[in-house]
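Peer 1: Every letter in the sequence shown is one number past the one before it in our numbering, and letter 224, counting from 1, is 1269.
This is the structure I have questions about; it appears just below.
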Amino acid sequence: MILVLNCGSSSLKYSLFDSAERVCARGLVDRIGQSESVVVLERGGERQSHTAAIGDHGEALSAVVGFLQEQGQGANLLEGIGHRVVHGGEYFVEAALITESVESAIAACTPLAPLHNPAALEGLRAARKLFDGVPQVAVFDTAFHQTMPPRAFLYAVPRALHAEQGIRRYGFHGTSHRYVAQRASELLGVDLDALNLITCHLGNGCSLAAIAAGRSVDTTMGLTPLEGVAMGTRSGDVDPALIFHLARSGMPLDAIEKMLLHESGLLGLSARSQDVREVEAAALDGDQAAREALEVFTYRVRKAIGAYCAVLGRVDALVCTGGIGENSAFVRLHILDGLEHMGICIDRVRNRTHAGREGDISNVDSRVKILVVPTNEELVIAREVREVLAGSSSASAL
Ligand code: ADP
1046 MILVLNCGSS SLKYSLFDSA ERVCARGLVD RIGQSESVVV LERGGERQSH
1096 TAAIGDHGEA LSAVVGFLQE QGQGANLLEG IGHRVVHGGE YFVEAALITE
1146 SVESAIAACT PLAPLHNPAA LEGLRAARKL FDGVPQVAVF DTAFHQTMPP
1196 RAFLYAVPRA LHAEQGIRRY GFHGTSHRYV AQRASELLGV DLDALNLITC
1246 HLGNGCSLAA IAAGRSVDTT MGLTPLEGVA MGTRSGDVDP ALIFHLARSG
1296 MPLDAIEKML LHESGLLGLS ARSQDVREVE AAALDGDQAA REALEVFTYR
1346 VRKAIGAYCA VLGRVDALVC TGGIGENSAF VRLHILDGLE HMGICIDRVR
1396 NRTHAGREGD ISNVDSRVKI LVVPTNEELV IAREVREVLA GSSSASAL
């Protein structure tokens, strides 16, 4: 069995996979550090939960293990543990077996992901204490995009910032982009090395990647997951001068950061919700702000697709994933309708009748296949753990 852990600043999500890649159990511990933390376990279609006071990620993991043991899922069966780590900086181009030097490198990336990397480190230290001797593997959101060339990853700022502080574009959602690219290659029956793809991960966080011959050559997120297209609550790109303007007009930096991360995007523009379903319903009811929120959201993704067509030259397929990309026929249509001159022809009926599963929504004339592929980041992490343990992947910090 492989245990996959995803530690956020106040949450721990987990999935337990058996050797046939089936999920035996999954769940989360939420509101870690608060008096009423919630522990959830889903197993065999049933969901159980209870509240408890859970102070840190170590206690959260103990609670999960206790829960799993009660269900007969003993820790003695664990072959490995996979940790989702948000930022691997320039140290990691692939998943890595966790050693002292790997742990130090993850810690060294903390200034780039101040909320996420410390939580991942807490998770892996807690897991080491509880499962002494079970190998642990770190899987990085940034690793897949380490193939970007300098023209895509450098900001046009003094180069000393990159050399001295690692300031550059890194990109995120790498595990998801990698997974859907691989699935697209399987669905199309063409080697990934021979494919040029645009992958669109549209969930609460949103990013696109340009993939040339199977390798990421550009992506919309940058130094942090704030850059790029508009998202559920994140603004995506704004003129950086907006921040100086607001700061000089008296808004504290923390409040500006909170606004751009948590109060913008679909939520900020609709002044209603970050959930695309609610914004769509309001737009259909004639709410002007909701309509504009969706227009900005879809227009920005459409522009990014145009940019990546220019980057790639030839595009074989465009892949939609994430909660919105997989489920919202409305958003897909508004992004892709009218791109026939670029060889991207969406089939309106296929699009409308397709939801939440794998499939092709392009029409027969489309030069570019349009695929919907539900993402499965936990499964990719479990696979990477197996690969690293099998030694097929060199597991070291650069
Ligand atoms: P996260 O990035 O947190 O993993 P998800 O990938 O689950 O988020 O995406 C969440 C988004 O997916 C929300 O905006 C939600 O509205 C949207 N979504 C989920 N299910 C549907 C659905 N059936 N129809 C339309 N949108 C959906």
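Glycine is no exception: its CB is placed at the ideal position from the N, C-alpha and C atoms.
Per DSSP, asparagine 1051 forms a beta bridge with which residues?
Peer 2: Lys1058
Peer 1: Can you look up valine 1394 in the DSSP assignment and give me helix, strand or coil?
Peer 2: helix
Peer 1: By the 10 Å Cβ neighbour count, where 16 or more other Cβ atoms means buried, how is aspartate 1177 classified, buried or exposed?
Peer 2: exposed
Peer 1: If I follow the unbroken beta strand (DSSP E) through glutamate 1087, where does it start and stop?
Peer 2: 1082 to 1088
Peer 1: For arginine 1170, which three-state DSSP category applies?
Peer 2: In this structure, arginine 1170 counts as helix in the three-state DSSP scheme.
Peer 1: With DSSP as the reference, label alanine 1158 as helix, strand or coil.
Peer 2: coil
Peer 1: Rank Val1225, Gly1219, Tyr1200, Thr1220 by C-alpha distance to the C-alpha of arginine 1213 and give the top, closest one.
Peer 2: Arginine 1213 has its Cα closest to that of Tyr1200, out of Val1225, Gly1219, Tyr1200, Thr1220.
Peer 1: Starting from glutamine 1093, follow the beta strand (DSSP E) in both directions and report where the run begins and ends.
Peer 2: 1091 to 1097
Peer 1: Across which residues does DSSP place threonine 1366 in a beta bridge pair?
Peer 2: His1246
Peer 1: Going along the chain, which residues of its own chain have a beta-carbon closer than 6 Å to the beta-carbon of leucine 1356, five neighbours each way excluded?
Peer 2: According to the sequence as given, residue 1356 is valine; it is not leucine. Answer for valine 1356: Ala1255, Asp1263, listed in chain order.
Peer 1: To the nearest angstrom, report how far apart alanine 1070 and leucine 1061 are at their CA atoms.
Peer 2: 5 Å
Peer 1: Taking the straight line between their C-alpha atoms, what separation do you get for leucine 1237 and phenylalanine 1189?
Peer 2: Just so you know, the alpha carbons of leucine 1237 and phenylalanine 1189 end up roughly 14 Å apart.
Peer 1: Buried or exposed for aspartate 1330, going by 16 or more other Cβ atoms inside 10 Å?
Peer 2: exposed
Peer 1: Which residue comes first and which comes last in the alpha helix (DSSP H) that contains serine 1309?
Peer 2: Segment: none, serine 1309 is in no alpha helix (DSSP H) and carries neither H nor E.
Peer 1: Hey, would you say the C-beta of serine 1373 is under 7 Å away from at least one heavy atom of the ligand ADP?
Peer 2: yes
Peer 1: Can you give the Cα-Cα distance for alanine 1456 and glutamate 1423, rounded to whole angstroms?
Peer 2: Since the displayed the chain opens at 1046 and closes at 1443, residue 1456 lies outside it and no answer follows.
Peer 1: Comparing C-alpha positions only, which one of Thr1366, Leu1233, Glu1091, Lys1348 sits nearest to valine 1225?
Peer 2: Closest by alpha carbon: Thr1366.
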